[in-house]
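Right, one structure below, let's go through it.
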Amino acid sequence: MTPSIAPSQSSLAAHFAGHAPLRLGVAVSGGSDSLALLHLLHGWQHAGGPSLAAVTVDHGLRPSSAREAADVGEICARLNIPHDTLNWQGWDGTGNLPDQARRARYALLVDWAQAHGLQDIAIGHTQDDLAETFLMRLARGAGVDGLAAMRPRWTQAGVTFHRPLLDVTRARLREHLRALGQPWVDDPTNDDTTYLRPRARQVLAALAPLDLDAATLADVARTLSEVRTALDFSVKTAARSLLRGQAGDILIDQIGFAALPEEIARRLMQAALHWLAGGDYPPRGAALQSLVHAARAGGTMTLHGCRLLPAKAGQLRLTREYAAVRALRTPATALWDNRWRATGPTTPDVEIAALGPDGLRACPDWRLSGQPHATALAVPGLWQGETLIAAPLMGWPNGWSLRLSPDRDNLLMPLLCH
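Mapped onto the numbering used here, the consecutive letters of the sequence shown carry residue numbers -12 to 405.
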C-alpha cells in the first residue's frame, strides 16, 4: 500500500465499519475527488468489499460536460464497473444555480438508486469541502447548525448517502491519482469567483499561514456538530415533556415552554413547524423569534403555513393553516400534505383534501372531535368530486382511516407520529 493511499483506505474502513453494504453506488463527476473515491472503492471491491455501480450526473451547463461523462464511462468500463449517465435539463437561467443543481443532482441519484435496487451511494466530499463549506456559511452569519460539519451519512427517500472521505484532503487524493497515472477534469467553475465556493477556496489558501488550514476548520466544524447533537438531545427531552400530538396538531405546555432557555425554545418551535408543514427550509430569524415570543405569552400567530392558537388548560395548539392546504388535492393512494396516508375501500376517483367549510357542513358532529374551527378546516377528508365521503378524524370513518406517515426526516417525528 502506497503512502498516499493508506489514510484514504483507513477512512473508508472507519466509515463503513460494521455496516458495509453488499452493493454500493458511487457518484463520479470526473473530478479528482470522485475519481479517487471510485478507484479506492474499486480496490476495496477486489478485497471483498461491496460490488459497485457508478453514475455521473451531467448538468448540461458546460459544452464539455457530455464528453466528461463519457470519459467517466470509459474509465468505469476499464475497471469493469457498470456506469450510467443522468442528464439534468431543469435550469431556466434564473434563481440560485448551485442550489438548484445540487437538489436536482440528489433527486436524480435517488431515482437512479431506486431503479437499480441500491440503498447506498458514496460521494467524494473531502476535508477541503468541509472547510470550504464552513467558511461559506460563516460568511452568511450561520449559527451552530450551519457551521456544524457535513454529515458523514444521511438518508433521502430511503437511499443513504455516504461521505467516507471527510478526513482526507484533496491533495492526498490527487497524489493517489498521480500514482495511478489517472488524469482528472478540473471544472472551470471551480475558479469562477462569481460563485461563493471558489472565493472560499481562495480565502482558505490565504488563511493557511495562520495555521487556519482545512484540517483546523474541519476540526472546528466537527466540534460544532457535537454541540448540535447536544442541543438536539435537549430539544427531544423538552419535547417529551412539553409536546403532545393530537390528530396531526401539536399541543404545547405553555408554562413549560415559557421556562425553556431561548435557544432550546427556538429549536423546539422550529422542529414543530417543520413537523407540521415540512419544507426545505424551516423558518428562522426574526419571524421565528416572534413566534417563540407569542408562544411564551400565550398569544396567536401564523407562520410557515401553521397557526399558533391558545388551547385549554394552559396549553397552546400549533395547527395547520387552512389557507396553506385549501387547494391541495391528491389521489387517495398518495401522500397528502407530505404526511397523511389514507386506507380504505377500493373506490374510484377518491381524493384527499382539506375539509374546509363545505366539509364541516357535511360533518354536523365535527365539534365532538374537540378541535377548534381553525384546525377542523384544515383536517383532511376523503372526497369524491365535490362530495365528502369520509372524515375519519372527525368521527366519520365510513370504512376509511387516515394516519400520519413517519417518512419525514425530522427529530420530532418519532415522538409525534404514532
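Don't be surprised by glycine CBs; every beta carbon is placed ideally from N, CA and C.
Rounded Cβ spacing between residue i and residue j (contact assumed at less than 8 Å)
i: D132; j: R186; result: Contact flag wrong, Cβ pair sits at about 22 Å.
i: D107; j: H163; result: At roughly 22 Å, the Cβ-Cβ gap does not stay under 8 Å, so D107 and H163 are not in contact.
i: L342; j: A319; result: Their Cβ separation, rounded to whole angstroms, is 15 Å, which puts L342 and A319 out of contact at 8 Å.
i: F121; j: L134; result: 6 Å
i: G17; j: E55; result: 4 Å
i: P270; j: L290; result: 6 Å
i: T156; j: D206; result: At roughly 13 Å, the Cβ-Cβ gap does not stay under 8 Å, so T156 and D206 are not in contact.
i: A298; j: M288; result: At roughly 14 Å, the Cβ-Cβ gap does not stay under 8 Å, so A298 and M288 are not in contact.
Member of the options whose CA lies at the smallest distance from the CA of residue i
i: L315; options: Q358, D240, G368 and R138; result: G368
i: P351; options: M381, T147 and R188; result: M381
i: G12; options: G36, G5 and D86; result: G36
i: R209; options: H360, A102, G285 and A136; result: A136
i: R165; options: A246, A0, S19 and V190; result: S19
i: P344; options: P50, G82, L375 and E249; result: L375
i: N177; options: Q169, Q189 and D86; result: Q189
i: G145; options: D324, R157, A94 and V279; result: A94
i: S52; options: C63, L73, Q32 and P359; result: L73
i: G235; options: D71, S212, V366 and R89; result: V366
i: A102; options: D71, T113 and M123; result: D71
i: Q87; options: D267, A100 and G168; result: D267
i: A109; options: G82, D98, R10 and T81; result: R10
Under 9 Å between C-beta atoms of residue i and residue j
i: I68; j: A40; result: yes
i: V42; j: L96; result: yes
i: L296; j: L403; result: no
i: I307; j: C293; result: Ile is not the amino acid found at residue 307; the sequence shown has Arg there. Yes, the Cβ-Cβ distance between R307 and C293 is below 9 Å.
i: L48; j: L84; result: yes
i: D45; j: W75; result: yes
i: D154; j: S(-2); result: yes
i: L24; j: V15; result: yes
i: A91; j: L183; result: no
i: L160; j: T203; result: no
C-alpha distance - residue i paired with residue j, whole-angstrom precision
i: I237; j: L22; result: 47 Å
i: V337; j: R354; result: 25 Å
i: A194; j: D200; result: Going by the sequence as given, residue 194 is Leu instead of Ala. One C-alpha to the other measures close to 6 Å.
i: R138; j: P151; result: 10 Å
i: A192; j: Y309; result: 51 Å
i: S392; j: M400; result: 9 Å
i: L305; j: Q(-4); result: 49 Å
i: L398; j: K223; result: 7 Å
i: R140; j: T147; result: 7 Å
i: R254; j: A225; result: 10 Å
i: R283; j: I242; result: 8 Å
i: R348; j: P384; result: 16 Å
i: G372; j: T334; result: 12 Å
i: G130; j: T142; result: 23 Å
i: L303; j: A340; result: 25 Å
i: A1; j: A7; result: 10 Å
i: G111; j: A273; result: 36 Å
i: W323; j: H29; result: 42 Å
i: W370; j: A377; result: 7 Å
i: D174; j: P332; result: 54 Å
i: S388; j: P359; result: 21 Å
i: G286; j: A321; result: 35 Å
i: A100; j: L167; result: 29 Å
i: R65; j: D179; result: 33 Å
i: L211; j: E249; result: 18 Å
i: T181; j: L275; result: 31 Å
i: I251; j: A311; result: 27 Å
i: A228; j: R124; result: For clarity, residue 228 is Ser in the given sequence; the question names Ala instead. Going from the Cα of S228 to the Cα of R124 covers about 33 Å.
i: S38; j: A4; result: 16 Å
i: T486; j: D58; result: What the structure shows of the chain is the stretch from -12 to 405, and residue 486 is not part of that stretch, so it cannot be assessed.
i: A361; j: F244; result: 22 Å
i: S356; j: T81; result: 47 Å
i: Q233; j: V279; result: 21 Å
i: A158; j: P196; result: 17 Å
i: A300; j: I239; result: 11 Å
i: C63; j: E213; result: 38 Å
i: R390; j: D98; result: 26 Å
i: Q169; j: G128; result: 39 Å
i: P379; j: G386; result: 9 Å
i: R89; j: S277; result: 32 Å
Distance cut-off 8 Å: residue i Cβ against heavy atoms of the ligand COA
i: L160; result: As presented, the structure is devoid of all ligands, the ligand COA included, so that no description of it is given.
Any C-beta of chain C under 9 Å from that of residue i
i: K299; result: In summary, chain C is missing from the structure at hand, where a single protein chain is found.
Taking one C-beta from the region 252 to 263 and one from the region 327 to 334 each time, how about it: are there three or more such pairs within less than 8 Å?
-> no
Tell me, please, whether the region 246 to 258 touches the region 219 to 230 by the rule of three or more beta-carbon pairs shorter than 8 Å.
-> yes
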